[in-house]
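Here is the structure we will look at, set down as structure tokens.
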Amino acid sequence: MLHAKTSSPTKKTLPYWIPLIVLTALFTAMFGIMPPLRDDQWFMSFATAFLENPSISNFIDGFREQVVFRYNFDNARIPNILGTVWVVLPRWFMVGVLGASFAFAVYLGARLSQTWRSSAAGFSVLIFGIVIALPWFDDMFTVMFAMNYLVPSALTAYAALVFLRQVPPHTALAFALALVVGLWHEAFAATMLAGVVFTAIIIPYYRRPATAAMAAALIAAIIFLASVPGTATRIGSFHPERFIKLHLGVLTGLPFYLFAISALALWARKTTRRHLITPQFVFIFGACGGAWAVWRFFLTDYRVSWPMIYVSSIGLAYIVGKIFATRAKPAWAAYAVLIAASIVQPVMSLPWFIKMRQEVMTANEAVMAAGEDSVVFTPVTTPFTAPWYTMGRPSFEIYKSGGFPFYNAIPEQLKDFSPENAVHIGISENVYFHKGCIVLEGTRTDIHSAKCTLYFDGKPYATECFGTNFTTPAGEFTYILPLHSFQKAKLHHLSGFDLN
5 MLHAKTSSPT KKTLPYWIPL IVLTALFTAM FGIMPPLRDD QWFMSFATAF
55 LENPSISNFI DGFREQVVFR YNFDNARIPN ILGTVWVVLP RWFMVGVLGA
105 SFAFAVYLGA RLSQTWRSSA AGFSVLIFGI VIALPWFDDM FTVMFAMNYL
155 VPSALTAYAA LVFLRQVPPH TALAFALALV VGLWHEAFAA TMLAGVVFTA
205 IIIPYYRRPA TAAMAAALIA AIIFLASVPG TATRIGSFHP ERFIKLHLGV
255 LTGLPFYLFA ISALALWARK TTRRHLITPQ FVFIFGACGG AWAVWRFFLT
305 DYRVSWPMIY VSSIGLAYIV GKIFATRAKP AWAAYAVLIA ASIVQPVMSL
355 PWFIKMRQEV MTANEAVMAA GEDSVVFTPV TTPFTAPWYT MGRPSFEIYK
405 SGGFPFYNAI PEQLKDFSPE NAVHIGISEN VYFHKGCIVL EGTRTDIHSA
455 KCTLYFDGKP YATECFGTNF TTPAGEFTYI LPLHSFQKAK LHHLSGFDLN
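For the sequence shown, our numbering assigns the number 5 to the initial residue and increments by one for each residue that follows.
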């Protein structure tokens, strides 16, 4: 008896496992190559005594000091409270944690969108959204930033799957899981809360004790994180970039707007409406709305768009998998294009991670050889010289965001600096912008954690600055290093600078 030829189960899963494995390897490599900069160095500073002289007492002292600082001047999220732990653990271990978090964020997102092993086209949309659309350029390859945004992505997707089970989870488990998600990051807490509440409103079956427990835990987490003293201190320091140029706000929110418009259009048609009356879609729709509200009305950093883009990508994957991927050839063509783009981009960015690591090592070696009281010129890449296809991965903006090895390492492009070849941006003093660097005319010794204001497209952004004196044939100058600077600098015009 002859049987029709069918694909083996293994072959059916290859379109899902191969991209997941390849991308996990690429992102793990990028996490591993990325040198400890910016917040990694900041959190590591609290563990200096322990790193120099490992002992339980030194670790406890550093941990206590760090917790007190976070509570009073930063925030009380779980990843930040435990920041000292992350930075003293072996680097390979943390790289493994971040690589696994990426894999689970993709896998669990595919499970939530119901595309895993069921819709290659929908899965490719999810992959593309995670790899290309998420704001990785906002220093997300550092350990601390990834712990704040990548890890809760996987946790939120898992919590959503537990919540959506037909068999209700134990109330205590639901409460504990939601509390962890909520305390990990307030934006993810709001996202999860919106999804849980919206689902309970639309689908009566989910009006159960586990739902109430989850909602209570998420509300408690949001109240706690909002009430700590550090929140009031930090709330005024968020970047105003979304409101500077409208098209950048639209571009950042594009995944959400595409998802919302598609969902509403499909709901208006009776033939497609049935695909949207599922617990998964209802949760995703509610969660997207909550994430969008947080991004649009409360917090303004690019990084805060992360949960919105992540959940919107899951929603778009769901729609493509259920409705638009009915014809095999177009679906596989879309899969091939999106997966190829999602793999090629990190492959092309990988050499630039290596370049960043080499530049940081070179700067460290030059400073150590010259002595900490000497000024050295060292080669660095700036956001203006990095190629467009890296998409800020890695973000060379991090060099002037408190992440450069030492403040007396001057970018080599300033070796022959002259005001005649630079753009004047000073408001009350002669300050120039040259090849991605801010330079003050004359030498200053009082610029250490000094208040300064950068104006982007005419709008002010207050931060702190450090200054390093240097000399060129054109005279004496001070290299200004803002503690926090503007991400994605190519898209904005630095129009002014003022020392307060």
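For glycine and all other residues, C-beta sits at the position ideal for the given N, C-alpha and C.
One alpha carbon belongs to Y20, the other to L181, and they sit about 28 Å apart. Separation of the CB atoms of L503 and E433 is rounded to 7 Å, and the pair is thereby assigned contact status at 8 Å. In its chain, beyond the 5 residues on either side, P172, P173, T175, A178 have a beta carbon closer than 6 Å to the beta carbon of A214. Per DSSP, the unbroken beta strand (DSSP E) holding G479 starts and ends at 479-486. Contact between the stretch 317-327 and the stretch 267-287 is present: three or more C-beta pairs spanning the two stretches fall below 8 Å. Cβ contact annotation for I414 (same chain, cutoff 8 Å, sequence separation greater than five): V379, V380, F381, T382, T472, F474, Y483, in chain order. The DSSP assignment places complete alpha helix (DSSP H) segments of no fewer than 4 residues inside the stretch 252-289 at 258-272, 274-277, in order along the chain. Under the three-pair Cβ rule at 8 Å, the stretch 309-316 counts as touching the stretch 153-160.
Ranking F47, T28, T282 by CA distance to the CA of S117 puts T282 first. The way I'd put it, the stretch 462-469 doesn't touch the stretch 383-402; fewer than three beta-carbon pairs between them come closer than 8 Å. The residue from F285, S231, R278 with its alpha-carbon nearest to that of F263 is F285. For I227, there is no enclosing beta strand (DSSP E); the residue is part of the alpha helix (DSSP H) that begins and ends at 213-231.
With respect to A51, V91 sits close: the two C-beta atoms are nearer than 8 Å. Using a Cβ-Cβ distance cut-off of 8 Å, the stretch 334-348 and the stretch 127-144 are in contact, since at least three pairs of beta carbons, one from each stretch, lie closer than that value.
G479 sits exposed, since fewer than 16 C-beta atoms from the chains shown fall within 10 Å of its C-beta. Residue pairing by DSSP places V443 opposite Y436, Y483 in a beta bridge. In the displayed model, V171 falls within coil according to three-state DSSP, outside both helix and strand. In this structure, K359 lies away from T386, with their beta-carbon atoms at least 8 Å apart. Taking C-beta separations shorter than 6 Å and ignoring five residues to either side along the sequence, the partners of W299 in its chain run V308, S309, M312, following chain order. Taking all protein chains shown into account, Q70 has 16 or more neighbouring C-beta atoms within 10 Å of its C-beta and is therefore buried. Annotation: the continuous beta strand (DSSP E) that includes Y465 extends over 463-476. With contacts defined by Cβ atoms closer than 8 Å, F501 and M38 do not form a contacting pair.
Pairing C456 with C441 gives a Cβ-Cβ distance that is not under 8 Å.
Under the three-pair Cβ rule at 8 Å, the stretch 125-134 does not count as touching the stretch 56-63. Distance from the CA atom of L102 to the CA atom of A224, rounded to whole angstroms, is 27 Å.
Under DSSP, T382 forms a beta bridge with P415.
DSSP, reduced to helix, strand and coil, places G375 outside both helices and strands of the structure shown, so it counts as coil. A direct Cα-Cα distance of roughly 23 Å separates P94 from W140.
The three-state secondary structure of D65, taken from DSSP, is helix.
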